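Protein chains in written order, with our numbering: chain Z, 28 to 273; chain D, 28 to 273.
Beta carbons are placed, not taken as given, at the ideal position from N, Cα and C, and that holds for glycine.
Only a predicted model underlies this, so the values are computations on that prediction, with no experimental measurement involved.
For reference, the structure is listed below as C-alpha cells.
Protein chains: 2
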Amino acid sequence: ESLTIGQYEFVQNAFSFGLAVMAATTLFLWFSRGLVTPNYRMAITISGLVTAIAGYHYLQIMLSWQSAFSVTVDTIETTGSPFNQAYRYVDWLLTVPLLLVELILVMKLARGETISKSVWLGGAAALMIILGYPGEVADTAGVRFTFWVLSMIPFLYIVYQLVIGLRGSIDKQPENVRGLINGAAYLVVVSWLFYPIVFLFPLIGLTGGAAIVAVEVGYTIADIVAKAVFGLLILAIAIRKSENET
Amino acid sequence: ESLTIGQYEFVQNAFSFGLAVMAATTLFLWFSRGLVTPNYRMAITISGLVTAIAGYHYLQIMLSWQSAFSVTVDTIETTGSPFNQAYRYVDWLLTVPLLLVELILVMKLARGETISKSVWLGGAAALMIILGYPGEVADTAGVRFTFWVLSMIPFLYIVYQLVIGLRGSIDKQPENVRGLINGAAYLVVVSWLFYPIVFLFPLIGLTGGAAIVAVEVGYTIADIVAKAVFGLLILAIAIRKSENET
Ligand SMILES: CC1=C(/C=C/C(C)=C/C=C/C(C)=C/C=O)C(C)(C)CCC1
Ligand SMILES: CC1=C(/C=C/C(C)=C/C=C/C(C)=C/C=O)C(C)(C)CCC1
C-alpha cells in the first residue's frame, strides 16, 4: 500500500497510546473500587474489565501492525503478513455488551429489571457486532452494504433504548446524578455513531495510506472515548451515588 | 549517525535505568497506599500510574533504540528503522497533566476548586505537549521555533499558576506540610524548565553522537526527577497530612 513511513509511525503511536490509556484506566478504576459502596462495585469492576480487554487487544493490534510492515532505510514495504482487523471485532464482541451493562448496573434498578435490560441491550449489542463482521471481511461492496444495513437494526434499537427506553429509569435517579447519567447515555450514542460511519468509508472510495490512518486513528480515539472516558464517568456517578447513600 | 558503540550503550543503559526506576517507584507508591487516609489515596494511585505509564514508555523507547542500530564486531550501523521519538510525546501527553493533578489532589481543596484547577492546569499541560509535537518532527528551524513559541504560552501559564496562582491555597495548608508542598511546586517548575531548553538544542547547532547522548540521557534524568522524585514527595506530603488528621 501507499503508506509512508511517517503514516506508519503515526498509526503505531496511536495504537501504543491506546494501549497505555486502556491499561492506566483499568488500574485507576480498580484502585478506586474502595471509594464506592458495595452496591456499585460490580459496575466499577466491569468498567475496568472493559478497558483491560481493550488494552490486551490494542497490544495484539499493535503487534499485528508491526509485523505487517518492514521499514528499512527510507522505504516501507508490506511483509505479506496481513494486518489483522478481526481483533477489533473480537474486542467489540466482548466489550460492547459490557459497556451497556456498566450503565445499567450503575443505575441500580430493581434486580429483575437489571437482568432483563442487560440481556436485551447486551444481546442486541452482540448481534450488531456479529452481523457487521461478514460485511467487514466481504470482497464486494454489495455484501458490505447488506451487512451494514442488517447491523444497523440492533444499533438503532440500542440508540432508541438509550434515548427513549431508559428515560423512565433515568428520571427516577437521584437528582444530583441525573445529569451525569444522561451524559453517559448520550456519550454512548455519540461515540458509537462513529463506527458505522467509518465502516462505510471503503464504499465511498476512501482508500490508500491517508484512509488507513484516518480509520485506525479514528477508531482509537472513538474507543478511548467509548471505553475509558465512559468508564471514568461511570466511576464519577458511582462515587456520587455512594455519597448520597452514606 | 556518528554514534560510537560506547555512546550507543550508554544511552541503552540510561533507558534501562529509567525503566527500572519507574517500575520500582510504581510498586513502592502503590504498596504505600495503605499508609495514607482515604482522602489521599487517589493522589497516590495517580502518582503510581504516572510512573507506570512512564515505565511502559521507557520499555518502548528502549526497544525502538535497539532496533534502530545494529552492532557487529567494532561497527555500529543504523538499521533504517527510525528511532521513534514520538513515544516521549505520547508519554508526556498522558503523564504531564496527571502530574499537576497529583499536586492538586494532595492539597485537598474544595471539590469544585479541585475540578476547575485540574481542568485548567491539566488542559494547559496537554495543549503544551500537543503544540510542541509539530515542532519536534518539523524539518525546518523556522517551524521548530514557531511551535516552541506557541508551546511556551501554556508552559508559562502553568509556571505562573504554580508560583503565584496556587499561593493562596498553599498558604491555607497545615503548617507542617507547607514547606513540602512549596518544594513540590518548585520541583515542577525547575525540572520542567529542562524540556523547552533541550528542545532548542538542534537550533543552536548541537548535532551528532554527543548531542544525541546529551538529549536522551538528559531527558531520562529530568523524567526521573519530574515523575519518580516528585511522586515520592507527594507520598511524603500525604503521609504527613494523614498523621495530622488522625
Ligand atoms: C452499526 C454498525 C457497526 C457498529 C459498531 C459499533 C457501534 C461499535 C462500537 C464499538 C465500541 C463502542 C467499542 C468500544 O470502545 C459495525 C459493527 C461497524 C458494522 C456496521 C454497522
Ligand atoms: C515548553 C515546551 C515544551 C515543554 C515540555 C515539557 C514541560 C515537558 C515536561 C515533561 C515532563 C514533566 C515529563 C515527565 O516526566 C516542549 C513540549 C518540549 C516543546 C517546546 C516548548
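Within the 7 Å Cβ cut-off, does residue 76 of chain D reach chain Z?
-> yes
Is the segment 35-46 of chain Z touching the segment 84-95 of chain Z, taking contact as three or more C-beta pairs under 8 Å?
-> yes
Measuring alpha carbon to alpha carbon, tell me which of Z/270, Z/171 and Z/183 ends up nearest residue 202 of chain Z.
-> Z/270
For residue 98 of chain D, three-class secondary structure by DSSP | strand
Whole angstroms is fine: what's the gap from residue 141 of chain Z's alpha carbon to residue 70 of chain Z's?
-> 12 Å
Rounded straight-line distance, which links the Cα of residue 173 of chain Z to that of residue 242 of chain D = 54 Å
Residue 223 of chain D: beta carbon under 6 Å from a heavy atom of ligand 2?
-> yes
Does ligand 4 have a heavy atom nearer than 6 Å to the CB of residue 172 of chain Z?
-> Ligands in the displayed structure: ligand 1 and ligand 2; ligand 4 is not one of them.
Measure the alpha-carbon distance for residue 177 of chain D versus residue 155 of chain D and round it to whole angstroms.
-> 8 Å
Return the first residue and the last residue of the alpha helix (DSSP H) that residue 204 of chain Z is part of.
-> 202-227
Short check: CB of residue 47 of chain Z to CB of residue 73 of chain D, under 7 Å?
-> no
Proximal residues to residue 225 of chain Z (C-beta, below 7 Å), its chain only, five neighbours per side dropped = 242, 245 and 246
Entirely within the segment 52-119 of chain Z and at least 3 residues each: give me those beta strand (DSSP E) ranges in chain order.
-> 96-99 and 102-105
Whose Cβ in chain D lies nearer than 8 Å to the Cβ of residue 101 of chain Z?
-> 107
Tell whether a beta-carbon distance below 7 Å holds between residue 164 of chain D and residue 267 of chain D.
-> no
For the segment 94-112 of chain D and the segment 124-132 of chain D, state whether three or more C-beta atom pairs, one from each stretch, are separated by less than 8 Å.
-> no
So, residue 103 of chain D versus residue 32 of chain D, is the Cβ gap smaller than 7 Å?
-> yes
Could you round the C-beta distance between residue 193 of chain Z and residue 264 of chain Z to whole angstroms and report it? I think they count as a contact, below 8 Å.
-> Going by Cβ atoms, the distance from residue 193 of chain Z to residue 264 of chain Z rounds to 14 Å, so no, they are not a contact pair.
Top-ranked residue by Cα proximity to residue 35 of chain Z, from Z/222, Z/96 and Z/149 = Z/96
Where the alpha helix (DSSP H) through residue 268 of chain D begins and ends | 257-272
Residue 58 of chain Z at chain D interface by Cβ criterion, 7 Å = yes
Check whether the Cβ of residue 91 of chain D sits closer than 6 Å to any heavy atom of ligand 2, and report yes or no.
-> no
Proximity to residue 92 of chain D [Cα-Cα], best of D/175, D/106 and D/120 = D/106
So residue 158 of chain D and residue 257 of chain D are in contact, right, with Cβ under 8 Å, and what is the actual spacing, rounded?
-> Not confirmed; about 23 Å, so no contact.
Chain Z beta carbons: is any one of them nearer than 7 Å to that of residue 113 of chain D?
-> yes
How many angstroms separate the CA atom of residue 209 of chain D from the CA atom of residue 50 of chain D?
-> 26 Å
Using a Cβ-Cβ cut-off of 7 Å, state whether residue 83 of chain D counts as contacting chain Z.
-> yes
Could you tell me how far apart the beta carbons of residue 218 of chain Z and residue 190 of chain Z are, in whole angstroms, since I believe they sit closer than 8 Å?
-> Incorrect: roughly 14 Å between the Cβ atoms, too far for contact.
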